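One rule links them: number in our numbering = place in the sequence shown (from 1) + 58.
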Amino acid sequence: MAEKNDFFKSKVVQDFTKDIRQYNLGPLWEAIPELMHHQPEPHAQAYLWKWDLLEKKLEEAAQIFTPERGGERRAIYLQNPGLDYRQPWGWASTSQTLYAAVQLLQPGEVAPSHRHTQNALRFITHGEGAYSIVEGERIFMEEGDFVITPKNLWHGHGHEGTEPMIWMDVLDIPTIYMMGGTFFEPYPERIEQPKVPDNYSAQRYQGGMVRPISDRHPKVAPLGSYKWNQTLKAIEGLSRFEPDPYDGYAVEFINPSNGQTANPNIGAWMQKLPKGFHSKAHRHTHSTIYQVFKGSGYSIINGVRFDWSKGDYFIIPNWAVHEHVALEDTFFFSVNDLPIMEKFDLEREIVYESNNGYQEPKKEFKPVLV
């Protein structure tokens, strides 16, 4: 693409640029080098949030905010520092396209039902006894469960247990906001009431990779909850073979009625990195947000070392060279915008060939601590 040269600095060009901009017009010849790069240059930065900090801030939030005081959800989102210039509220952007947050629900609390044009999902990290009610189905959640709420479905939360419940929320808020397609509607009553037996869809799919014949025709969310014990069995089955050199042992959550991603715009994976595993480095167009469900180790992202442990969250931006090292058996839950990139035919992947596929870390990331 064209590059700027000294002519663009001349008075005649600068004067003309200033002249047309007062009429809300723009000079493509000046703008194009900054708008059409040779390769992706995302504003999102690689970043890591420590669990100790997140846990402390959730505990403090619990003393201030409750659903009864007007807040739809007690959720603290992970704001990418490279995107906080977006107004309003940095578009709640963890990556260029996705929002991620940690949410806390206390025993006895109810988060009111609503629906919206954003797709949502949840990964349960702490506790049990809480439920999501989605289109009349109460889905009780346990650690390691993956729960989906595709766009425009009624959903709310309640907690019948005795201990705090914490989960990871992910939505495509920045994407829908950027596209101007946001619709939000509160439920007429406080929370939707059950219409089918509890955990109905999970019971229908207890057989794993078989489906009820009534789901031969595609449905939006035939399976609302993916239980941890079934996910673990899938990972254990893969673990009998050689790991993928870039992702270890990884599985993707899918919609069993159509074979596509469980959520239309958000990919979701569970992966295991066995102790001592060092992945080869590569880069791809899609970005990925990780939750360290179990284990510890570090990742090298564009030459920077990020040390992580259980409960931490970190992001790999679009087109960032990255690799992972597991210091103990590690399980990652991750989300990505691969479905969005594939819809626009933008996905590319390139392996890192220098130094036999491994980066030399140039510095270490220093996380913000409590």
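Where is the CB? At the ideal position from N, CA and C, for every residue including glycine.
All values derive from a computational prediction rather than experimental measurement.
Contact the segment 102-111 vs the segment 367-383: 3+ CB pairs below 8 Å: yes
Could you tell me whether the Cβ atoms of Phe372 and Ile408 are closer together than 9 Å? Here residue 372 corresponds to residue number 314 of the sequence shown, with the count starting at 1. Here residue 408 corresponds to residue number 350 of the sequence shown, with the count starting at 1. No, these two residues do not count as a Cβ contact at 9 Å.
Beta-carbon proximity check, Pro222 vs Leu163, cutoff 9 Å: Taking the sequence shown and counting its residues from 1, one reaches residue 222 at position 164. Taking the sequence shown and counting its residues from 1, one reaches residue 163 at position 105. Taking 9 Å as the Cβ cut-off, Pro222 and Leu163 qualify as a contacting pair.
Rounded to whole angstroms, what is the Cα-Cα separation between Ile191 and Thr240? Along the sequence shown, one-based indexing puts residue 191 at 133. Along the sequence shown, one-based indexing puts residue 240 at 182. C-alpha separation (whole angstroms): 22 Å.
Taking its Cβ as the centre, do 16 or more other Cβ atoms sit within 10 Å of Gln329, making it buried, or is it exposed? If you number the sequence shown from 1, residue 329 lands on position 271. Gln329 comes out buried.
Every unbroken alpha helix (DSSP H) inside the segment 354-422 [4 residues or more]: 396-401
Beta-carbon gap between Leu116 and Arg131 smaller than 9 Å: Within the sequence shown, residue 116 is the residue found at index 58, counting from 1. Within the sequence shown, residue 131 is the residue found at index 73, counting from 1. Taking 9 Å as the Cβ cut-off, Leu116 and Arg131 do not qualify as a contacting pair.
Label Gln261 either buried or exposed according to how many other C-beta atoms from any shown protein chain fall within 10 Å of its C-beta, with 16 as the threshold for buried. Along the sequence shown, read from residue 1 onward, the residue named residue 261 stands at position 203. Classification of Gln261: exposed, given that the 10 Å Cβ count is below 16.
Going by C-alpha to C-alpha distance, which of Ile398, Lys420, Gln176 and His184 sits closest to Arg363? On the sequence shown, residue 363 is found 305 positions in, with the first residue counted as 1. When only C-alpha atoms are compared, the closest one is Lys420.
Grab the span of the alpha helix (DSSP H) containing Glu472 for me, first residue to last. Within the shown structure, residues of the chain are numbered from 59 to 428, placing residue 472 beyond reach of any answer.
Beta-bridge pairing of Gln349 - partner residues as DSSP gives them: On the sequence shown, position 291 is the one that residue 349 refers to. According to DSSP, which records beta bridges pairwise, Gln349 is partnered with Tyr371 and Phe391.
Measure the C-alpha to C-alpha separation of Lys352 and Ser367 and round it to an integer number of angstroms. Your numbering for residue 352 matches position 294 in the sequence shown. Your numbering for residue 367 matches position 309 in the sequence shown. Taking the straight line joining both Cα atoms gives about 8 Å.
Please report how far the alpha carbon of Glu193 lies from the alpha carbon of Tyr284, in whole angstroms. Translated into positions along the sequence shown, residue 193 becomes position 135. Translated into positions along the sequence shown, residue 284 becomes position 226. Whole-angstrom Cα-Cα distance: 17 Å.
Quick one: what's got a C-beta closer than 6 Å to Pro100's C-beta in the same chain, skipping five residues either side? In the sequence shown, counting from the first residue as 1, residue 100 sits at position 42. Cβ neighbours of Pro100 beyond the five flanking positions: Gln154, Pro375 and Asn376.
Mind the definition here: the segment 336-346 touches the segment 314-322 only if three or more C-beta pairs lie below 8 Å; say whether that holds. no
Which ranges does the beta strand (DSSP E) cover as unbroken runs of at least 3 residues, wholly within the segment 220-301, from first to last along the chain? 223-229 and 242-244
Between Gly334 and His184, what straight-line distance do the alpha-carbon atoms span, to the nearest angstrom? Position 276 of the sequence shown holds residue 334. Position 126 of the sequence shown holds residue 184. The alpha-carbon atoms of Gly334 and His184 are separated by roughly 26 Å.
Taking contact to mean at least 3 C-beta pairs separated by less than 8 Å, is the segment 205-220 in contact with the segment 263-270? no
Beta-bridge pairing of Gln161 - partner residues as DSSP gives them: Against the sequence shown, residue 161 aligns to sequence position 103. Ala133 and Trp225, per the DSSP bridge assignment.
What does the alpha-carbon distance come out to for the pair Phe423 and His382? As a first step, residue 423 must be located in the sequence shown, where it is residue number 365. As a first step, residue 382 must be located in the sequence shown, where it is residue number 324. Going from the Cα of Phe423 to the Cα of His382 covers about 15 Å.
So, under 8 Å CB-CB, Val160 and Ile231 are touching, yes? Tell me the CB distance rounded to an integer number of Å. Along the sequence shown, one-based indexing puts residue 160 at 102. Along the sequence shown, one-based indexing puts residue 231 at 173. About 15 Å separates the two Cβ atoms, so there is no contact after all.
Where does the unbroken beta strand (DSSP E) through Leu179 begin, and where does it stop? Locating residue 179 in the sequence shown gives position 121, where the first residue counts as 1. It spans Ala178 to His184 - the beta strand (DSSP E) in which Leu179 sits, taken as one unbroken run.
Pairwise C-alpha distance: His217 and Glu167: One-based indexing of the sequence shown puts residue 167 at position 109. One-based indexing of the sequence shown puts residue 217 at position 159. Between Glu167 and His217, the C-alpha separation is close to 6 Å.
Identify whether Thr175 lies in helix, strand or coil by the three-state DSSP scheme. Numbered from its first residue, the sequence shown carries residue 175 at position 117. Residue state, collapsed to three classes: coil.
Where do the N-terminal and C-terminal ends of the alpha helix (DSSP H) with Val70 fall, by residue? Sequence index remark: in the sequence shown, residue 70 carries index 12 (1-based). Lys69 to Arg79 is the span of the alpha helix (DSSP H), which, as asked, contains Val70.
How should Asp370 be labelled, buried or exposed, when 16 other C-beta atoms within 10 angstroms of its C-beta is the threshold for buried? The residue given as residue 370 occupies position 312 in the sequence shown. By the neighbour-count rule (16 or more Cβ atoms within 10 Å), Asp370 is buried.
What's the C-alpha gap between Val228 and Ile324? The count along the sequence shown starts at 1 and reaches residue 228 at position 170. The count along the sequence shown starts at 1 and reaches residue 324 at position 266. Computed Cα separation, rounded: 8 Å.
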